[in-house]
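Taking it in order: structure first as structure tokens, then the write-up.
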Amino acid sequence: MLKLYQRETCPYCKTVRERLTELQVTYININLPKERSERVQLIEKMGVPFIPAIDDEGYLIPGKLEENNHILDYINEKYAKNLRQHN
């Protein structure tokens with residue numbers, strides 16, 4: 001199952017959450033602290049503290065500073081296509 005590493009108050013994370021919801025993707029929401037230095041779990045997994053980031057059953061997409069288009073592109077490519085095939 002897809003895991004979304006994020007914070008509720010992060011606008012980039014909100015965009016990703018909204019897109020996952022629109023596409024009816026089931027995911028686990030992992031809320032992280034505000035301070036990047038405290039995001040130990042994320043740094044160990046992704047190598048960087050930036051959010052949003054996703055782990056899609058072992059396929060890791062680390063966050064980038066103030067940007068989420070690469071994550072949205074991945075979600076659209078994988079999950080929008082799946083939704084169209086089921087409709």
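Numbered per UniProt numbering, the sequence shown spans residues 1 to 87.
Here a beta-carbon is modelled for each residue, glycine too, at the ideal position from N, C-alpha and C.
Does DSSP classify residue 51 as helix, strand or coil?
Coil at residue 51, not helix or strand.
Taking Cβ to Cβ, would you say residue 3 is nearer than 8 Å to residue 54?
The answer is yes: Cβ separation under 8 Å.
How would you write the range of the alpha helix (DSSP H) that residue 6 sits in, first residue to last?
No alpha helix (DSSP H) holds residue 6; the beta strand (DSSP E) holding it covers 2-6.
What does a CB cutoff of less than 8 Å around residue 47 pick up in its chain, not counting 5 residues either side in sequence?
So the qualifying residues of the chain are 62.
Counting only the same chain and skipping the five closest in sequence on each side, list residues whose C-beta sits under 7 Å from that of residue 19.
Closer than 7 Å at Cβ, skipping near neighbours: 72, 75.
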